[in-house]
Amino acid sequence: MVMKAAEGLAVSVFDKIIQITALNKNQLAAFIDVTPKTIDNYRIRRHKLGRTESEQLLQLMALYKKGQEIFGNSEDFNLWLKQPASGLGGIVPFELLYTQGGINLVMEELLRIEYGALA
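In terms of my numbering, the sequence shown opens at residue -7 and continues consecutively.
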């Protein structure tokens, strides 16, 4: 994952993640701290995403894959993301996805759920 992020991802990966996550373009762009217009410009100019954006996207993709695996489908996982989580001190997991640290916290909570160690 580190090498893929270092090389930069194609904008097509951004589009694929929209399909996987059911996020819209504005939401996903906000998660990686760019504007939708920047994504459009990258697409037009065939630029790759930067390292930071690429790493954030890869982490989001891994999180969504794990969540869908644990919850059985994307609909149930997306519902869970939008509800306060007791293991996160009542914070709504979706609100934590704007930073790598937040993504890590949500992933840790998913792993606790997977192994039955709910806090």
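Think of the CB as a built atom: it goes at the ideal place given N, C-alpha and C, for glycine as much as any other residue.
In DSSP terms, what residue i is bridged to
i	result
I83	A77
Residue i classed as buried or exposed, judged by whether at least 16 other C-beta atoms fall within 10 angstroms
i	result
Q51	buried
I36	exposed
Q48	buried
T27	exposed
L103	exposed
G64	exposed
T13	buried
Beta-carbon contacts of residue i that lie in its chain and below 8 Å, excluding the five residues immediately before and after
i	result
L80	L88, L97, V98 and E101
E95	One detail in the question is off: residue 95 reads as Ile in this sequence, not Glu. Taken in chain order, the residues that qualify are Q48, Q51, L52, L55, L88 and L89.
First and last residue of the uninterrupted alpha helix (DSSP H) at residue i
i	result
K29	P28 to R37
D25	Element bounds for D25: n/a, residue is neither H nor E.
T13	V3 to T13
K40	K40 -> no alpha helix (DSSP H), and no H or E assigned at all.
N96	Q92 to E106
Neighbourhood of residue i by C-beta, 7 Å cutoff - its chain only, sequence neighbours within 5 removed
i	result
Y34	V3 and L41
L1	K40, L41, S46 and L49
R43	A(-3), A(-2) and G0
M(-5)	none
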